[in-house]
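Residue numbers (the working numbering): 6 to 542.
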């Protein structure tokens, strides 16, 4: 069961993400096809119909006044350890809502909405904070770490989070986002890694189009050097920022900055991660595993405790077996899907994402797959990091230039070219599925690049400027209250309500079963799980 600590894809979906019975010819193996258009035309229609996605969406629970909810994970939502669709992320107050795997964008978003409906009905007068950057927070030590019961796997999940709190601070961990899990049948490891390399080169477009976190509460960065500007007394922001979540205030780590992970293939990627997972890091060695009272501070003293501690805008993933390490699963059975991790919550959308966004992601990921993907280098990896920081903090700044192939180019020129290339992919998908939803998504993206006032980050700044005295908090609180009303106004069908309630009951029973079956002392369990031998095939 430890896999539930190491990944967020629900355990009930093991083996169901991609059907092993269908593996059409891999388009990128056809070496004679040299252009994106030729590769697109060569895709098997059934392969495109098998394109799958799932969504994981994090949100803080707050009081009606916008304070972090310090209540335990509601019993009505079931067990955060074993529920297939409702769990917690870092904090006990940070819900994570997980859909199943869908070949239809509409079905995926419908399920995400239904999970929201059930959650809102179960949390009383609390609400979900709609911004990626958190609500006003209590002191660091008062932010509750996720609790998963008394089993070894449940304790390990909490100890891992305790390690995160020591290494990075609890405040950073309360930042929330959306993960978009995507797959296409029949792809090889090399094809997935080619996609990932291109995604890392071009993901600045996603920060531009969908970044929605240009501001934070002033107390979030208290005592830190931040370089932000004041907007009223309670808000700090950058006027042209797109996503502070993906910049220096977000999931960043000085310790991890020394990592230069290559995405040129599974072997090299796995070797880089294994090194980070097994080599002791001096600062974490000094912290130690346990305190003087015997309480646990972290799972290990290595640079990464587990695979998910590695911060990346996209990850190669594989559904894992019970007790299996993710790195072992990747090495043994290969990449099964990619996890896109750079998407902010859109505070103007009831569930943080909509069909246009999801369909643009589909098209964008296909573009990354079908385009030429040269091997990366340490120099390019460093340039990509600089590009990400620039777009996160200054993406809407007129004339901003990014690094590409040793030269600098205008961000907007590059972005518009990419969206234009995506349009031909959208046409193919619409011809396959009917209607024009993919083309509409690309048209909306092009329009937003043409008029930056349409971008979510610009809309957030404008809304805050209308009430600068309260800024980020007032804006996010108003949007959260409005979202709660929208979700609650639509009643969940009684059959679905009963289904969710039964899932909650079963998850609690499953947690109790796991706890009753534990016979191994926790320390022995921890040592065994952290053993380097579990990382290799």
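Glycine included, each C-beta is placed from N, C-alpha and C at the ideal position.
No experiment lies behind these values; they were computed from the predicted model shown.
Return the Cβ separation of residue i and residue j in integer angstroms, given the expectation that the two are a contact with Cβ distance under 8 Å.
i           : j           : result
residue 477 : residue 221 : 6 Å
residue 353 : residue 446 : Actually they are not in contact, since the Cβ atoms of residue 353 and residue 446 sit about 16 Å apart, beyond 8 Å.
residue 219 : residue 466 : 5 Å
residue 350 : residue 357 : 4 Å
residue 145 : residue 168 : Not really, about 15 Å apart at Cβ, beyond 8 Å.
residue 64  : residue 170 : At roughly 20 Å, the Cβ-Cβ gap does not stay under 8 Å, so residue 64 and residue 170 are not in contact.
residue 419 : residue 407 : 7 Å
residue 205 : residue 374 : So it is not a contact: roughly 13 Å between Cβ atoms.
residue 198 : residue 321 : 7 Å
residue 192 : residue 275 : The pair is not a contact, with the Cβ atoms about 18 Å apart (cut-off 8 Å).
Using the Cα positions of residue i and residue j, report the straight-line distance between them to the nearest angstrom.
i           : j           : result
residue 581 : residue 194 : There is simply no residue 581 to check, as the chain begins at 6 and stops at 542 in what is shown.
residue 242 : residue 409 : 28 Å
residue 93  : residue 151 : 7 Å
residue 35  : residue 289 : In this prediction, residue 35 scores a pLDDT of 38, lower than 50, which makes its location untrustworthy; the coordinate-derived value is nonetheless stated afterwards. Taking the straight line from one Cα to the other gives about 47 Å.
residue 214 : residue 461 : 7 Å
residue 421 : residue 384 : 25 Å
residue 262 : residue 83  : 38 Å
residue 190 : residue 58  : 12 Å
residue 536 : residue 513 : 30 Å
residue 483 : residue 148 : 23 Å
residue 471 : residue 125 : 29 Å
residue 442 : residue 113 : 15 Å
residue 69  : residue 489 : 10 Å
residue 304 : residue 251 : 26 Å
residue 540 : residue 496 : 46 Å
residue 538 : residue 396 : 40 Å
residue 468 : residue 135 : 14 Å
residue 295 : residue 160 : 14 Å
residue 27  : residue 108 : Legend: pLDDT at residue 27 = 29, less than 50; position of this residue unreliable, no value from coordinates given.
residue 272 : residue 486 : 48 Å
residue 378 : residue 459 : 31 Å
residue 179 : residue 66  : 11 Å
residue 299 : residue 401 : 50 Å
residue 515 : residue 503 : 18 Å
residue 100 : residue 123 : 13 Å
residue 440 : residue 281 : 47 Å
residue 474 : residue 529 : 54 Å
residue 463 : residue 139 : 19 Å
residue 434 : residue 40  : 18 Å
residue 380 : residue 339 : 19 Å
residue 324 : residue 341 : 7 Å
residue 85  : residue 431 : 38 Å
residue 172 : residue 411 : 35 Å
residue 456 : residue 403 : 12 Å
residue 509 : residue 89  : 9 Å
residue 80  : residue 506 : 11 Å
residue 87  : residue 449 : 39 Å
residue 47  : residue 56  : 15 Å
What residue from the options has the CA that sits closest to residue i's CA?
i           : options            : result
residue 247 : 153, 328, 392, 534 : 392
residue 266 : 255, 386, 53       : 386
residue 372 : 403, 254, 240, 196 : 196
residue 188 : 66, 201, 176       : 201
residue 77  : 153, 273, 40       : 153
residue 74  : 54, 85, 87, 128    : 128
residue 44  : 208, 429, 458      : 429
residue 2   : 238, 398, 212, 217 : No answer is possible for residue 2: the residues shown for the chain start at 6 and end at 542.
residue 306 : 427, 164, 413      : 164
residue 423 : 207, 534, 49       : 207
residue 283 : 254, 253, 332      : 332
residue 249 : 226, 46, 525       : 226
residue 427 : 370, 48, 416       : 370
residue 229 : 110, 403, 412, 177 : 177
residue 53  : 518, 457, 509, 438 : 438
residue 137 : 217, 185, 143      : 217
residue 42  : 425, 494, 454, 449 : 425
residue 329 : 448, 542, 96, 47   : 542
Using only the heavy atoms of the ligand HEM, determine whether one of them is closer than 7 Å to the beta carbon of residue i.
i           : result
residue 154 : The ligand HEM is not part of this structure, which contains no ligands at all.
Hey, which unbroken runs of the beta strand (DSSP E) at 3 residues or more fall wholly within the stretch 425–471?
Annotation: the stretch 425–471 contains no complete segment of the beta strand (DSSP E) (minimum length 3 residues).
Is it the case that the stretch 343–363 contacts the stretch 308–328, given that we only count it when at least three CB pairs across the two stretches are under 8 Å?
By the criterion of at least three beta-carbon pairs nearer than 8 Å, the stretch 308–328 is in contact with the stretch 343–363.
Report the residue ranges of all alpha helix (DSSP H) runs contained in full by the stretch 356–403; include only those spanning at least 4 residues, in chain order.
Fully enclosed alpha helix (DSSP H) runs of 4 or longer: 360–375, 383–399.
Spell out a yes or no on whether the stretch 47–63 and the stretch 101–114 are touching, meaning 3 or more CB-CB pairs, one atom from each, closer than 8 Å.
Result yes; three or more Cβ-Cβ pairs closer than 8 Å.
Counting pairs of beta carbons, one from the stretch 278–295 and one from the stretch 305–312, are three or more of them closer than 8 Å?
Contact between the stretch 278–295 and the stretch 305–312 is present, with at least three C-beta pairs closer than 8 Å.
For the stretch 78–102, which segments carrying the beta strand (DSSP E) assignment without a break, of at least 3 residues, lie completely within its bounds, in sequence order?
Qualifying beta strand (DSSP E) stretches, in chain order: 91–93.
So within the stretch 242–269, which uninterrupted alpha helix (DSSP H) runs reach at least 4 residues, ignoring any that extend past its ends?
Taking 4 residues as the shortest admissible run, the stretch 242–269 contains no complete alpha helix (DSSP H) segment at all.
Inside the stretch 263–324 only - alpha helix (DSSP H) runs reaching at least 4 residues:
Within the stretch 263–324, the complete alpha helix (DSSP H) runs of at least 4 residues are 271–283, 287–292.
Scan the stretch 463–535 and note each continuous alpha helix (DSSP H) run of 4 residues or more that stays entirely inside, going in chain order.
Runs of the alpha helix (DSSP H) inside the stretch 463–535: 476–494, 499–522, 527–535.
Taking only runs of the beta strand (DSSP E) that begin and end inside the stretch 172–244, which ones reach a length of at least 3 residues, in chain order?
The DSSP assignment places 183–188, 220–222, 240–242 as complete runs of the beta strand (DSSP E) inside the stretch 172–244, in order along the chain (cut-off: 3 residues).
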